[in-house]
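If you read the protein sequences in the order shown, they are chains G and R. Yeah, the first sequence ends on 246 if you go by this note's numbering, and it's all consecutive. Yeah, the second sequence ends on 304 if you go by this note's numbering, and it's all consecutive. Ideal Cβ positions, reconstructed from N, Cα and C, are used throughout, including at glycine. Each remark here refers to the structure printed beneath this line.
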Amino acid sequence: MKLSDAGQARVRGYLFILHRSLASFMPGEMARESLREVESHILERVARVEDGADEKRALEQILEQLGPPLKVAQAWAAEITFDEAVATGRISPILRALGYAAMSVQGFFASLALFVGYVAGFSFVAMALLKPIFPNNVGVHLRDGIPVAFGAIFPVPPGTEVIGGYVLIPIFLFVGALVLAGTHLAARKFVAWWRGRLRGPVPE
Amino acid sequence: MSFENWQEQLRRGGLEFAVLLTLSGSSRYGLDIIRHLEESTDLVVNEGTVYPLLARLAQQGILDTEWVSDEGPHPRKYYRLTKPGRARLDAMKQHWDSFSRKLDTLARQSERNS
Numbered sequence: 043m044k045l046s047d048a049g050q051a052r053v054r055g056y057l058f059i060l061h062r063s064l065a066s067f068m069p070g071e072m073a074r075e076s077l078r079e080v081e082s083h084i085l086e087r088v089a090r091v092e093d094g095a096d097e098k099r100a101l102e103q104i105l106e107q108l109g110p111p112l113k114v115a116q117a118w119a120a121e122i123t124f125d126e127a128v129a130t131g132r133i134s135p136i137l138r139a140l141g142y143a144a145m146s147v148q149g150f151f152a153s154l155a156l157f158v159g160y161v162a163g164f165s166f167v168a169m170a171l172l173k174p175i176f177p178n179n180v181g182v183h184l185r186d187g188i189p190v191a192f193g194a195i196f197p198v199p200p201g202t203e204v205i206g207g208y209v210l211i212p213i214f215l216f217v218g219a220l221v222l223a224g225t226h227l228a229a230r231k232f233v234a235w236w237r238g239r240l241r242g243p244v245p246e
Numbered sequence: 191m192s193f194e195n196w197q198e199q200l201r202r203g204g205l206e207f208a209v210l211l212t213l214s215g216s217s218r219y220g221l222d223i224i225r226h227l228e229e230s231t232d233l234v235v236n237e238g239t240v241y242p243l244l245a246r247l248a249q250q251g252i253l254d255t256e257w258v259s260d261e262g263p264h265p266r267k268y269y270r271l272t273k274p275g276r277a278r279l280d281a282m283k284q285h286w287d288s289f290s291r292k293l294d295t296l297a298r299q300s301e302r303n304s
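Dropping the structure here:
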């Protein structure tokens, strides 16, 4: 069967939604390759439909067998992005997986908490690196003997005293590494659980 | 776990094995794999879930891929087992033989006892 303009528009619409979904969590080249394969599948199926058949009905049946584009994208996320994140534990696929999970409400809050964890860990490491360069700006900030802030402040407000010498560097490094390791472990566990959810079938 | 969940997990677990078995003879393109699975099993519920599985297997080096454009009306992406893929399939077959034999024995014992 040869597709009419309306049929082609229906296929383009399906592929457009699928591409948008895939591109949100996949590297561009992989998203294009995946899309090309799905397009080839649809066109192949269409070519097998006898001439004179009801185009709209045949096309809807083909797309229904393939599954809704968001569901297909979800299957890709579970198999590729989440699988890579779980298997390798590398930061880049984990962040891509978290970005995908963040598109739902529950995933958004979990991803936000993990993002805050990563930022906090990196902040401690950054403070350790900044301490030798700006010794008078990094430390515990006191006003009238009461701690009011902790970290690096530029410039130090008048009337504020900064305490804590170079001994803070190993402490910052230790805490930073601890926070990063803890956050990363939690992110891996979350991504593994989310992958199970994506692959998991019928909610109980 | 409900019966539907158990059934679905069984189906998903079997799909990867079935895909590798389908490719054990010769290379095939996506729709060809799906049609073969549909003819001989009921493992394919949504056709769109087979492609991500194929992509993962290719990413893991279990399958090799090649686009062929001069064969059908549209370019087709062919999949074939790699050497590690064949080794994995052999290991899966062995495991499956032992697994299914034990379950069969249990099922027969249960039938005799009931």
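Contacts that Lys-267/R makes with chain G (C-beta to C-beta distance below 7 Å): Glu-79, Ser-82
Per-residue contacts from Ala-117/G into chain R (C-beta, under 7 Å): Gly-238, Thr-239, Pro-242
Three-way DSSP call (helix, strand, coil) for Phe-192/G in this model: strand
Beta carbon proximity, Pro-263/R to chain G, threshold 7 Å: yes
Limits of the beta strand (DSSP E) - the one that Leu-221/R falls within: Counting along the chain, Leu-221/R falls outside any beta strand (DSSP E), though it belongs to the alpha helix (DSSP H) covering 220-230.
Top-ranked residue by Cα proximity to Arg-270/R, from Met-282/R, Trp-257/R, Glu-261/R: Trp-257/R
Option in Gly-149/G, Arg-185/G, Ile-213/G, Trp-118/G with minimal Cα separation from Thr-202/G: Arg-185/G
Cβ pair count under 8 Å reaching 3, the segment 125-145 of chain G against the segment 225-238 of chain G: yes
Buried versus exposed call for Val-88/G [16 or more other C-beta atoms within 10 Å across all chains shown]: buried
Exposed unless 16 or more other CB atoms sit within 10 angstroms - verdict on Pro-111/G: buried
Ala-239/R vs Ala-208/R beta-carbon contact at 7 Å: Here the sequence assigns Thr to residue 239/R, which means Ala is not the residue at that position. No. Outside cutoff.
Residues that DSSP places opposite Glu-203/G in a beta bridge: Leu-184/G
Residue range of the unbroken alpha helix (DSSP H) whose run includes Asp-125/G: 124-130
Residue-chain proximity (Glu-86/G, chain R), Cβ-Cβ < 7 Å: yes
Spatial distance of Arg-62/G from Pro-263/R (CA atoms): 26 Å
Residue span of the beta strand (DSSP E) that contains Thr-255/R, given as start and end: 253-258
Glu-86/G, buried or exposed, once every other Cβ within 10 Å from all chains shown has been counted against 16: buried
Glu-246/G (DSSP reduced to helix, strand or coil): Residue confidence is low: Glu-246/G scores 39 on pLDDT, short of 50, so the model does not pin down where it sits. Its coordinate-derived value is still stated next. If DSSP states are grouped into helix, strand and coil, Glu-246/G belongs with coil.
Residue-chain proximity (Arg-218/R, chain G), Cβ-Cβ < 7 Å: no
Neighbour flag for Ala-48/G against chain R, beta carbons, 7 Å: no
Endpoints, alpha helix (DSSP H) assigned at Tyr-56/G: 47-65
Backbone secondary structure at Lys-98/G - three-state DSSP: helix
Proximity winner among Val-180/G, Leu-45/G, Ala-152/G, relative to Phe-232/G (alpha-carbon distances): Ala-152/G
Chain-ordered neighbours of Lys-279/R on chain G, where CB pairs are closer than 7 Å: The amino acid at residue 279/R is misidentified as Lys; the sequence shows Leu. Near Leu-279/R there are no residues of chain G at all, since even the closest Cβ is about 18 Å away, more than 7 Å.
Beta strand (DSSP E) segment containing Tyr-269/R, residue limits: 266-271
Residues, ordered as in the chain, of the segment 95-107 of chain G that lie near chain R by beta-carbon distance below 8 Å: Gln-107
Chain G contact for Arg-246/R (CB, 7 Å cutoff): yes
Continuous alpha helix (DSSP H) stretch holding Asn-195/R: start and end: 193-212
Helix, strand or coil at Met-72/G according to DSSP, with G and I counted as helix: helix
Spatial neighbours of Ala-144/G in its chain, beta-carbon cut-off 6 Å, leaving aside the 5 residues before and after: Phe-150, Ser-153
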